[in-house]
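FYI, the numbering for the sequence shown is 1 to 554, going by this note's numbering. Heads up: the structure comes next, in structure tokens.
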Amino acid sequence: MAVRSMASANEAPRTRRHDLRSLTEAVLEQEQALQQGGGAKGLERQHKLGRLFVRERLARLLDDDEFFFELGLWAGFGLYPEVGETPAAGCVAGIGLIHHRPCMIIANDATVKAGAFFPMTCKKLLRAQRIAFENALPVVYLVDSAGVYLPMQDEIFPDEDDFGRIFRNNAVFSAAGIPQYAAIMGNCIAGGAYLPVLCDKTLMTDGSGLYLAGPALVKAAIGQDVDPEELGGAKMHAEISGTVDFREPDDPACLERIRELIALLPERQWGWPHADTFDIPPHRDPEEVYALVEVEGKKPYDARRLIECVIDRDSMTEYKADYGKTLVTAFARIGGHAVGIVANQRLQCQAPQQGVQIGGVIYADSADKAARFVLDCNQTGLPLVFLQDVVGFMVGKQAEQSGIIRSGAKLVNAMSNSTVPKITVVVGGSFGAGNYALCGKAYDPRFIFAWPNAKYAVMGAAQASGVIFSIRQKVLEAEARKHGHEVDKEELEALRAQVYRDYDEQTDVRYAAARGWVDAIITPDKTREVLITALGLVKRPMPRAPFHTGVIQT
1 MAVRSMASAN
11 EAPRTRRHDL
21 RSLTEAVLEQ
31 EQALQQGGGA
41 KGLERQHKLG
51 RLFVRERLAR
61 LLDDDEFFFE
71 LGLWAGFGLY
81 PEVGETPAAG
91 CVAGIGLIHH
101 RPCMIIANDA
111 TVKAGAFFPM
121 TCKKLLRAQR
131 IAFENALPVV
141 YLVDSAGVYL
151 PMQDEIFPDE
161 DDFGRIFRNN
171 AVFSAAGIPQ
181 YAAIMGNCIA
191 GGAYLPVLCD
201 KTLMTDGSGL
211 YLAGPALVKA
221 AIGQDVDPEE
231 LGGAKMHAEI
241 SGTVDFREPD
251 DPACLERIRE
261 LIALLPERQW
271 GWPHADTFDI
281 PPHRDPEEVY
291 ALVEVEGKKP
301 YDARRLIECV
311 IDRDSMTEYK
321 ADYGKTLVTA
331 FARIGGHAVG
341 IVANQRLQCQ
351 APQQGVQIGG
361 VIYADSADKA
371 ARFVLDCNQT
381 GLPLVFLQDV
391 VGFMVGKQAE
401 QSGIIRSGAK
411 LVNAMSNSTV
421 PKITVVVGGS
431 FGAGNYALCG
441 KAYDPRFIFA
451 WPNAKYAVMG
461 AAQASGVIFS
471 IRQKVLEAEA
481 RKHGHEVDKE
491 ELEALRAQVY
501 RDYDEQTDVR
511 YAAARGWVDA
521 IITPDKTREV
531 LITALGLVKR
541 PMPRAPFHTG
551 VIQT
């Protein structure tokens, strides 16, 4: 199945709709905007060069491009207004089947700024590499890039999570025995030239260029006039430098060669054995999530009903059902995969000692329960699935006296040291330390997904914008006093409204996805399908390798 990602390249970040289904349909209608890359002009240019558009390449490479499990579609959205739109950060990444073997595909989109690397391009590629490594997925790179976007080189070049880390990872992958294939299908210039050469197998199409410095830079640096083909063409690298393993006449031939090479991988080790898991019926119709969860997160709902929309029929065994009720913990199966599930209960609960407990809030007892549950799943070896709709931890005198900090720290500690695969789905709010405690991005989920209504921030817009406004109000009033006048009330109200709008925009899940905080925004009724696929991937053994260098050029 495919992860249905959301795209809205022409709208303000928050598309207001009255219900979850309407919001989902609205963003799905605009999904294709980001998938068009640089648009008609870019596509025309690729075709004039005799090259395929990146998604045309995927269609030829994969067994079924409808199965493409796309990640990071929203990367870079709205981040670089000074250079125009950068759809998907100029790079397509995701998991697809090639001869029934799941592979991570990382492909430059040359229709977006000639495939140049922006800061988010690096971040997206590194995330894709990490997912591939943790889930033991062969990697296919389709290289068609002008290299680093020079005006932003200071944000791309030097740090541990920047451009150079990609090549370090290439070497580590090879040493760990994870197959890597790189096809140069256009430009591959400067430092980016190391990526294909560090892979196990390198392919190159005629008309492409692979060089550390292009003809213009060579002329400027050493005064040498050189023909591009002679400097770094496919013929030269195949016949003289020996850098290229397979020289191909064009894109279709190159993509077919990749398929042939991947078909050589032993299916027993690299195949996909989970095709039949989608036929297992769910406990409850997944469509029911639309009646259950409300867009603004104000409607209470029973987390057990949400879980039942995701799990296999009659498979749930609830853990400590009568204790710490604002978190529901349960053992269940999803597509036949045994899992532990932690979900925020959004109904008001009654505790014997504490009295009424607010839905979506983590109390000391629920934190203690969840921590023990995480430890128990690690003891058993069960993957963990988190369904986040969390307001945060409880505050106030009674909460502090109950040891909320100690209990919260216990849960964070258990989460930090958990070694079983973790998958997170943000179905509503993901605020403050609740994000941390329930396996937010900082706590190493193998995958992290979100629904289109999800909100992501240190606290809600109403509370946070009030604090920010009061700070700005004091600054504004102090400035006014310097000039001997008072701040106009209308000016203050306009400031209050602007602060709220700005903060509310930052809580939008698309803001989070643009920065790589979630891997994909998914269609709510497809959550079960997404989890079945993800669970099939995370069960692959993570590679462990002693020191050796893998395949290197000699």
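Note that the Cβ used here is the ideal one computed from N, Cα and C, for glycine as well.
Taking 8 Å as the threshold (C-beta atoms), are residue j and residue i in contact?
i, j, result
"GLN345", "LYS369", "no"
"ASP312", "GLY297", "no"
"VAL342", "GLY381", "no"
"ARG540", "LEU255", "no"
"MET120", "GLY76", "yes"
"ILE258", "LEU61", "yes"
"ILE334", "TRP451", "no"
"GLN506", "ALA457", "yes"
"VAL426", "VAL518", "yes"
"GLY232", "GLY191", "no"
"LYS35", "ARG55", "The sequence given here places Gln at residue 35; Lys does not occur at that position. Yes. Within cutoff."
"GLU308", "HIS283", "yes"
"ILE532", "PHE331", "no"
"SER407", "ALA367", "yes"
"VAL339", "LEU535", "yes"
"ILE362", "LEU306", "no"
"GLY516", "ARG21", "no"
"ASN378", "SER315", "no"
Residue i by DSSP, collapsed to three states: which one?
i, result
"PRO383", "coil"
"ASN135", "coil"
"SER436", "The sequence as given places Tyr at residue 436; Ser does not occur at that position. In the structure shown, TYR436 sits in a helix (DSSP, three-state: H, G or I)."
"PHE393", "strand"
"GLY207", "coil"
"HIS237", "helix"
"ALA2", "Bear in mind that the predicted position of ALA2 carries a pLDDT of just 46, short of 50, making it unreliable; the figure below should be weighed with that in mind. ALA2 falls in the coil class under three-state DSSP."
"GLN357", "strand"
"GLU318", "strand"
"PRO282", "strand"
"CYS377", "helix"
"THR533", "helix"
"GLN498", "helix"
"ASN10", "Because ASN10 sits at a pLDDT of 41, beneath the cut-off of 50, its placement in the model cannot be relied upon, and the following sentence gives the value as read from the coordinates. Three-state DSSP puts ASN10 in coil, outside helix and strand."
"ASP302", "coil"
"ALA351", "strand"
"LYS539", "coil"
"ARG101", "strand"
"THR554", "Bear in mind that a pLDDT of 49 at THR554, under 50, signals an unreliable position, so the number given afterwards is only what the model happens to contain. THR554 falls in the coil class under three-state DSSP."
"LEU20", "helix"
"GLY429", "strand"
"ARG544", "coil"
"GLY90", "helix"
"VAL310", "coil"
"ASP368", "helix"
"GLY340", "strand"
"GLY232", "helix"
"ILE362", "strand"
"ASP488", "coil"
"ARG168", "helix"
If contacts are defined as beta-carbon pairs under 8 Å, then residue i and residue j qualify, I think. What distance do you get, rounded to the angstrom?
i, j, result
"ALA409", "VAL374", "Going by Cβ atoms, the distance from ALA409 to VAL374 rounds to 13 Å, so no, they are not a contact pair."
"ALA514", "GLU70", "With a Cβ gap of about 15 Å, ALA514 and GLU70 do not count as contacting."
"GLY428", "VAL293", "6 Å"
"LEU210", "THR243", "7 Å"
"THR202", "ASP245", "5 Å"
"ASN555", "VAL143", "An answer regarding residue 555 cannot be provided, because it is not within the stretch 1 to 554 covered by the chain."
Tell me whether residue i is buried or exposed, calling it buried when 16 or more other Cβ atoms sit within 10 Å of its Cβ.
i, result
"LYS219", "exposed"
"ARG168", "exposed"
"PRO273", "exposed"
"GLY355", "exposed"
"GLU248", "buried"
"GLN398", "exposed"
"ILE240", "exposed"
"MET542", "exposed"
"GLN46", "buried"
"GLU287", "exposed"
"VAL538", "buried"
"LEU217", "exposed"
I'd like to know whether the C-beta of residue i is nearer than 8 Å to at least one C-beta of chain C.
i, result
"ALA234", "Protein chain content of the structure displayed is limited to a single chain, and chain C is not contained in it."
Compute every distance between the C-beta of residue i and the non-hydrogen atoms of the ligand NAP, then say whether any falls below 7 Å.
i, result
"GLY233", "Within the structure as shown, the ligand NAP is missing, as the structure has no ligands at all."
### Query
For the segment 32-87, which segments carrying the beta strand (DSSP E) assignment without a break, of at least 3 residues, lie completely within its bounds, in sequence order?
The qualifying runs are 69-71.
### Ranges of the beta strand (DSSP E) found wholly within the segment 106-160, counting only runs of at least 3
Taking only runs of at least 3 residues, the beta strand (DSSP E) segments lying wholly in the segment 106-160 are 139-145.
### Message
Report the start-end ranges of each alpha helix (DSSP H) in the segment 242-271 that is 4 residues or longer and not cut off at the edges.
### Response
For the segment 242-271, the continuous alpha helix (DSSP H) assignments of 4+ residues that do not extend past its boundaries occur at 251-263 and 267-270, in sequence order.
### Task
Tell me the start and end of each unbroken beta strand (DSSP E) in the segment 171-228 that is at least 3 residues and wholly inside, in chain order.
Whole beta strand (DSSP E) segments, 3+ residues: 180-189, 201-205 and 209-211.
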